[in-house]
Amino acid sequence: MQHFDTLIKNGLIITAADRYMADIAIRDGRIVAMGQALGEANEVIDADGLWVMPGGVDAHCHLDQPLNDGAVMADDFFTGTRSAACGGTTTVIPFAAQQKGQSLYAAVEDYHRRSEGKAMVDYAFHMIVTDPTEVVLKEELPALIEKGYSSFKIYLTYDDLKLNDREVLEVLAMARREGGMVMIHAENADCIAYITELLESQGQTKPYYHGVAHSAIAEREATHRAISLAELIDVPLLIVHVSGPDAIEQIRWAQNRGLRVYGETCPQYLVLTLDDLDQAGFEGAKYVCSPPPRDAAAQEAVWQALESGVFQVFSSDHAPFRYDDAKGKKLHGECADFQHIPNGIPGLETRLSILFSEGVIKQRIDATRFVALTATQPAKIYGLYPRKGTIAIGSDADLTLWDPNARTTIRNSELHHAVDYTPYEGLELTGKPVLTMCRGQVVSRNGQPAGEAGYGLFLKCDKPQPARPRGAAKGF
Ligand code: DUC
Ligand code: ZN
Ligand code: ZN
Numbered sequence: 001m002q003h004f005d006t007l008i009k010n011g012l013i014i015t016a017a018d019r020y021m022a023d024i025a026i027r028d029g030r031i032v033a034m035g036q037a038l039g040e041a042n043e044v045i046d047a048d049g050l051w052v053m054p055g056g057v058d059a060h061c062h063l064d065q066p067l068n069d070g071a072v073m074a075d076d077f078f079t080g081t082r083s084a085a086c087g088g089t090t091t092v093i094p095f096a097a098q099q100k101g102q103s104l105y106a107a108v109e110d111y112h113r114r115s116e117g118k119a120m121v122d123y124a125f126h127m128i129v130t131d132p133t134e135v136v137l138k139e140e141l142p143a144l145i146e147k148g149y150s151s152f153k154i155y156l157t158y159d160d161l162k163l164n165d166r167e168v169l170e171v172l173a174m175a176r177r178e179g180g181m182v183m184i185h186a187e188n189a190d191c192i193a194y195i196t197e198l199l200e201s202q203g204q205t206k207p208y209y210h211g212v213a214h215s216a217i218a219e220r221e222a223t224h225r226a227i228s229l230a231e232l233i234d235v236p237l238l239i240v241h242v243s244g245p246d247a248i249e250q251i252r253w254a255q256n257r258g259l260r261v262y263g264e265t266c267p268q269y270l271v272l273t274l275d276d277l278d279q280a281g282f283e284g285a286k287y288v289c290s291p292p293p294r295d296a297a298a299q300e301a302v303w304q305a306l307e308s309g310v311f312q313v314f315s316s317d318h319a320p321f322r323y324d325d326a327k328g329k330k331l332h333g334e335c336a337d338f339q340h341i342p343n344g345i346p347g348l349e350t351r352l353s354i355l356f357s358e359g360v361i362k363q364r365i366d367a368t369r370f371v372a373l374t375a376t377q378p379a380k381i382y383g384l385y386p387r388k389g390t391i392a393i394g395s396d397a398d399l400t401l402w403d404p405n406a407r408t409t410i411r412n413s414e415l416h417h418a419v420d421y422t423p424y425e426g427l428e429l430t431g432k433p434v435l436t437m438c439r440g441q442v443v444s445r446n447g448q449p450a451g452e453a454g455y456g457l458f459l460k461c462d463k464p465q466p467a468r469p470r471g472a473a474k475g476f
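So for the sequence shown, our numbering puts the first residue at 1; every next one is plus one.
What follows is the structure in structure tokens.
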């Protein structure tokens with residue numbers, strides 16, 4: 001009779017493709033058998049009545065990322081991954097950000113120092129490229145892509161981050177040559193600056209006006225431009241944190257043309273609206289993120305795009321700033337003009353439960369698509385599949401057991417990040433991750449941490465297949 005470390009029995013297994021009843025046998029952190037009457041184990045977990053899904057892959061979150069303006073992220077690799085584990089996520093991919101003038105090697109080394117010995121779940125790095133010098137494009141990025149840092153983000157907005165179109169073209173051409181996956185923050189910087197100045201001159205400075213300044217048209221224009229630049233170079237591109245129908249239309253248009261354009265959206269675009277920014281005093285700052293949440297019609301468009309496959313990835317975009325903190329949302333005081341409020345909201349721990357409850361339980365998407373969006377497709381798009389993102393023999397035993405009937409209410413006091421609020425306070429949910437396992441070790445039980453800092457491993461990402469260009473080399 002075979003002997004295993006762990007057996008998970010009687011659960012309903014759900015992958016991106018299938019749902020079926022089977023037991024899962026785990027040895028040395030990997031899945032080694034699936035079926036019935038597999039043998040004995042040191043530990044048997046009874047998953048009767050539970051759904052067994054791949055652990056979540058949160059492919060867009062910010063942890064301990066150095067910033068230029070004096071703001072400090074509340075979560076480091078310990079609190080961030082602890083929170084991820086409690087929410088059912090077993091792999092996170094935050095960003096090693098290059099400061100202008102900095103070598104990318106230095107940015108990656110610095111980020112390793114920040115993460116070393118801290119993570120409770122596994123992690124990989126994307127890079128953020130803000131200074132695409134010749135050395136960066138010809139030496140550093142090709143070498144880093146080869147070494148397992150195969151994806152990076154570029155920006156079309158923010159003064160300290162943005163690239164001009166020429167720089168974007170150079171970066172895209174490098175990605176095509178080297179097989180890297182490019183993510184892009186698509187908002188038109190000049191449109192935002194223009195509206196911001198007008199609003200300021202009229203005294204319209206409250207957090208709500210962040211949403212007005214970051215117009216959906218500015219997002220649409222930048223999305224279309226990014227797609228056109230990628231088409232010119234013939235390289236795949238992933239548009240991150242898409243907020244509504246204007247940008248979705250551009251992505252669908254590109255996909256209908258056969259372009260390898262991928263889309264990501266996030267919980268804030270499903271359950272928040274611009275009204276959340278419109279609160280008494282400075283409270284609206286808790287919801288300031290870019291692009292901003294829009295309106296009910298936009299939420300509906302985002303649901304349709306999740307359902308129909310326009311989006312491949314559902315991430316948190318966890319960008320953790322404390323509210324009542326002079327290094328957080330109140331960096332410039334309690335009455336700061338909207339453009340001085342640090343951008344971003346927390347969501348690592350609530351990402352999966354929100355999509356499970358609002359999507360699967362309310363029957364807007366089915367459970368297999370939930371798995372595809374939250375685990376399998378991010379793992380494929382960023383070169384971690386099939387080690388991560390699925391339940392299969394040979395894959396890491398990264399599993400989340402869900403009680404589909406458990407009812408909870410989101411309360412910040414019960415979350416495990418280091419942020420002093422959640423934008424989802426009071427949201428009632430059905431469905432709860434009751435056990436999270438990373439490489440065969442339980443890292444969370446009943447929403448409480450059960451793992452250790454330093455257990456999480458750094459993962460090298462392969463060059464992703466979805467990053468391959470469509471055609472032969474261009475004639476220029
Ligand atoms: N972009 C992100 O990706 N995250 C937080 C804020 C932003 O603008
Ligand atoms: Zn962004
Ligand atoms: Zn982000």
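Heads up, the beta-carbon is just placed ideally off N, CA and C, and yes, glycines get one too.
beta-carbon residue i near ligand 2 non-hydrogen atom, thresh 6 angstroms
{"i": "His126", "result": "no"}
{"i": "His210", "result": "no"}
{"i": "His185", "result": "yes"}
Three-state secondary structure assigned by DSSP to residue i
{"i": "Phe458", "result": "strand"}
{"i": "Met174", "result": "helix"}
{"i": "Phe476", "result": "coil"}
{"i": "Gly56", "result": "strand"}
{"i": "Val129", "result": "coil"}
{"i": "Gln465", "result": "helix"}
{"i": "Ala16", "result": "coil"}
{"i": "Asp75", "result": "coil"}
{"i": "Thr487", "result": "Absent from the structure is residue 487, since the part of the chain shown begins at 1 and ends at 476."}
{"i": "Glu264", "result": "strand"}
{"i": "Val271", "result": "helix"}
{"i": "Trp246", "result": "The sequence as given places Asp at residue 246; Trp does not occur at that position. Asp246: helix per DSSP, three-state reduction."}
{"i": "Phe356", "result": "helix"}
{"i": "Leu7", "result": "strand"}
{"i": "Lys432", "result": "strand"}
{"i": "Val235", "result": "coil"}
{"i": "Asn256", "result": "helix"}
{"i": "Tyr323", "result": "coil"}
{"i": "Asp23", "result": "strand"}
{"i": "Lys138", "result": "helix"}
{"i": "Gly87", "result": "coil"}
Closer than 6 angstroms: residue i CB and nearest ligand 1 heavy atom
{"i": "Asn343", "result": "yes"}
{"i": "Ala319", "result": "yes"}
{"i": "Ser290", "result": "yes"}
Cutoff 7 angstroms; reference residue i; Cβ partners in own chain excluding five residues on either side
{"i": "Ser215", "result": "Cys191, Ile195"}
{"i": "Gln202", "result": "none"}
{"i": "Val121", "result": "Thr81, Ala84, Ala85, Thr89, Thr90, Thr91, Val92, Cys438, Val443, Gly456"}
{"i": "Gln98", "result": "Leu104, Ala107, Met127, Ile128, Val129, Thr130, Asp131"}
{"i": "Leu27", "result": "A quick correction: the sequence has Arg, not Leu, at residue 27. The answer, listed in chain order, is Phe4, Asp5."}
{"i": "Pro342", "result": "Ala71, Phe321, Gly328, Lys329, Leu331"}
Residues near residue i by beta carbon distance below 6 angstroms, same chain, minus five either side
{"i": "Pro433", "result": "Gly88, Thr400, Trp402"}
{"i": "Ala189", "result": "Thr157, Lys162"}
{"i": "Ala47", "result": "Ile8, Asn10, Gly11, Leu401"}
Beta-carbon proximity list for residue i, same chain, < 8 angstroms, skipping 5 on both sides
{"i": "Lys147", "result": "Lys460"}
- State whether the stretch 94-104 contacts the stretch 115-127, with contact taken as three or more CB pairs (one from each stretch) at a distance under 8 angstroms. Touching, per the Cβ criterion.
- Task: For the stretch 53-62 and the stretch 371-388, state whether three or more C-beta atom pairs, one from each stretch, are separated by less than 8 angstroms.
- Result: In this structure the stretch 53-62 touches the stretch 371-388; the number of beta carbon pairs closer than 8 angstroms is three or more.
- Message: Measuring CB atoms only, is the stretch 23-40 touching the stretch 286-297, in the sense that at least three cross pairs come out at less than 8 angstroms?
- Response: With a cut-off of 8 angstroms on Cβ pairs, the stretch 23-40 is not in contact with the stretch 286-297, counting fewer than three such pairs.
- Message: For the pair the stretch 203-211 and the stretch 277-284, tell me if three or more CB-CB distances fall below 8 angstroms.
- Response: In short, these stretches touch, since the Cβ pair count reaches three.
- Would you call the stretch 5-17 and the stretch 335-343 in contact, with 3 or more CB pairs under 8 angstroms? Segments in contact, no.
- Query: On the three-pair Cβ rule with 8 angstroms, is the stretch 260-280 touching the stretch 322-336?
  - Reply: Counting C-beta pairs with one atom in each stretch, the stretch 260-280 and the stretch 322-336 have fewer than three that are closer than 8 angstroms, which means they do not touch.
- Task: Inspect the CB distances between the stretch 62-80 and the stretch 27-35 and report whether three or more fall short of 8 angstroms.
- Result: Taking 8 angstroms as the limit for Cβ pairs, the verdict is that the stretch 27-35 does not touch the stretch 62-80.
- Item | Given 8 angstroms, three or more beta-carbon pairs between the stretch 413-432 and the stretch 453-467 | In the pairwise beta carbon analysis, the stretch 413-432 is classified as not touching the stretch 453-467: fewer than three pairs are separated by under 8 angstroms.
- Query: At a cut of 8 angstroms, does the stretch 305-312 reach the stretch 246-257 through at least three beta carbon pairs?
  - Reply: Yes, since at least three Cβ pairs between the stretch 305-312 and the stretch 246-257 fall closer than 8 angstroms, the two stretches touch.
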